[in-house]
Amino acid sequence: MSDSFQEQLRALRARSLHRKLREIGSAQGVEVQIVGRQLVNFSSDDYLGLAADPILRQAATAAIEEFGVGAGSSRLISGTQTPHAALESALARWKRVPAAISFSSGYAAAVGALPALASKEEVVILDKACHAAFIDGARLSGATLRVFPHNHLGKLESHLEWARREYPAGRIVVVTEAIFSNEGDRPPLRELVELKKRFEAFLLLDEAHSVGVIGPHGRGLAAELGLENEVDATLGTFGKSLGVSGGYICGSRDLIDWLINRARSFLFSTAPPPALAAAATAAIRFLLSEEGETRRKTLWRRIVQLRKLLPEKEQEFGRPGGAIIPWLVGDEQRALDLARALRAEGFFVPAIRYPTVPKGAARLRITISAAHSALQIASLGEAIRRLRGPD
Ligand SMILES: Cc1ncc(COP(=O)(O)O)c(C=O)c1O
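Its first residue numbered 70, the sequence shown is counted upward by one per residue in the numbering used here.
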């Protein structure tokens with residue numbers, strides 16, 4: 070048996086697809102210690118630098134003092150502790166929706182929600198660049214799955230036509246992301262809303278990478294475009310801009326009640342520690358504060374600074390969308406070599422490869438934080454230009 074694992078691992082290495090963990094001996098932040106070396110971190114989705122912020126630490130510590138560490142069981146079994154209820158009310162108020170439900174991760178939210186939203190005789194339609202959690206959730210649901218090329222409205226329309234014809238009374242769930250996690254760009258949300266209305270579909274928008282980054286008080290893309298009431302549900306995570314961990318879904322009261330009753334990753338899993346809920350609530354309060362808005366503006370200054378330093382040729386660095394800037398290099402080994410070269414220059418930028426992105430579409434995924442200094446951004450820009458070479 071162990072031999073066959075060795076062979077499988079060898080095959081991964083031969084294709085430059087083997088991954089390994091890197092131990093970090095420090096808190097998440099813009100400077101991290103990896104195997105004893107201090108690197109400037111351009112790998113984290115902690116866009117506002119909240120992960121190790123005293124505001125969150127204090128909220129978590131106070132909640133541990135009052136509520137202990139473990140949640141005991143699933144919330145339907147051992148009860149909902151006050152920090153979870155407080156988090157969901159704060160979330161619903163901040164996102165201006167009737168109700169919200171939290172999960173142990175964004176992944177759990179997606180794999181729990183999709184099977185609750187669609188079943189056999191129904192359809193899930195995904196953008197090809199959607200996060201793996203939606204593919205897994207769609208498969209678990211047993212619904213028919215259709216995928217459209219990234220941001221391709223024409224293909225989405227033909228899938229919707231087909232789905233409505235085949236399943237006249239069934240639910241059709243369309244899933245897209247507000248900022249795509251590995252492309253860094255945004256979807257044509259207005260047009261998507263029009264299509265979903267025309268075909269009476271259900272639109273689920275994943276705001277994992279837009280929350281905290283765009284929209285008033287970091288409420289995300291739907292809020293930025295004034296489309297909050299047009300999207301049927303939004304999904305998000307507390308693990309990125311909000312600096313904690315956990316996921317959530319926002320929507321109508323009936324939808325949330327349905328998920329409480331039917332989302333299996335909620336029903337059959339121990340609730341996250343109440344201290345995490347308290348820290349996430351503190352992060353939401355921060356986003357609503359003036360300081361939160363100032364931090365977001367700093368983030369945007371850093372994003373614009375790096376964009377200006379990078380070549381604009383043929384979208385080699387993706388279309389601008391938010392704090393994720395992919396350096397599209399294609400070849401897996403070249404991506405690994407560039408990541409290594411960047412590490413040698415003192416920057417931690419991860420190489421993203423299959424199966425996270427299609428084969429031959431490897432990239433370096435650069436993520437910016439408001440906590441980066443202008444000097445750190447300038448040094449990264451310079452290193453990239455040097456490693457990339459002339460056109
Ligand atoms: C777009 C998107 N959705 C969902 C998730 C899952 O969120 P979590 O990390 O909280 O499981 C991620 C995280 O990687 C993501 O990038």
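Note that the Cβ used here is the ideal one computed from N, Cα and C, for glycine as well.
When C-beta atoms of the segment 286–297 are compared with those of the segment 94–103, fewer than three pairs fall below 8 Å, so the two segments do not count as touching.
H219 is not a Cβ neighbour of K189, given a cutoff of 9 Å.
Look at A155: its beta carbon is at least 8 Å from all of the heavy atoms in ligand 1. The Cβ atoms of G181 and T339 lie no closer than 9 Å to each other. In the structure shown, E381 adopts coil according to DSSP, grouped into three states. Sorting R457, Q374, A201 and T149 by C-alpha distance to the C-alpha of N251 places A201 at the top. According to the DSSP assignment, P152 belongs to the alpha helix (DSSP H) that extends over T151 to K164. Set against 8 Å, the gap from the CB of T303 to the closest heavy atom of ligand 1 is not smaller. Judged by their CB atoms, S171 and G320 are not nearer to each other than the 9 Å cut-off.
Take G312, set aside five residues on each side of it, and the residues of its chain with a beta-carbon closer than 6 Å to its own are D115, L119, A120, L125 and A352, in chain order. Scanning G139, Q75 and E76 for the CA closest to the CA of P343 turns up G139.
Y317 carries a strand assignment under DSSP once its states are collapsed to helix, strand and coil. Annotated as distal: P427 and R331, with beta-carbon spacing of 9 Å or more. Secondary structure note for E100: its beta strand (DSSP E) is the uninterrupted segment E100 to I103. When distances are taken from the beta-carbon of E190 to the heavy atoms of ligand 1, even the shortest one reaches 8 Å or more. Apart from sequence neighbours up to five positions away, the residues of its chain that approach I435 with a beta-carbon distance below 6 Å are F111, I394 and V418, ordered along the chain.
Ligand 1 never approaches D196 closely enough for any of its heavy atoms to be under 8 Å from the residue's Cβ.
The Cβ atoms of A420 and E451 lie no closer than 9 Å to each other. Here the C-alpha atom of R457 lies approximately 10 Å from the C-alpha atom of L379.
Membership of G181 in the alpha helix (DSSP H) is indicated by the continuous run G175 to L186.
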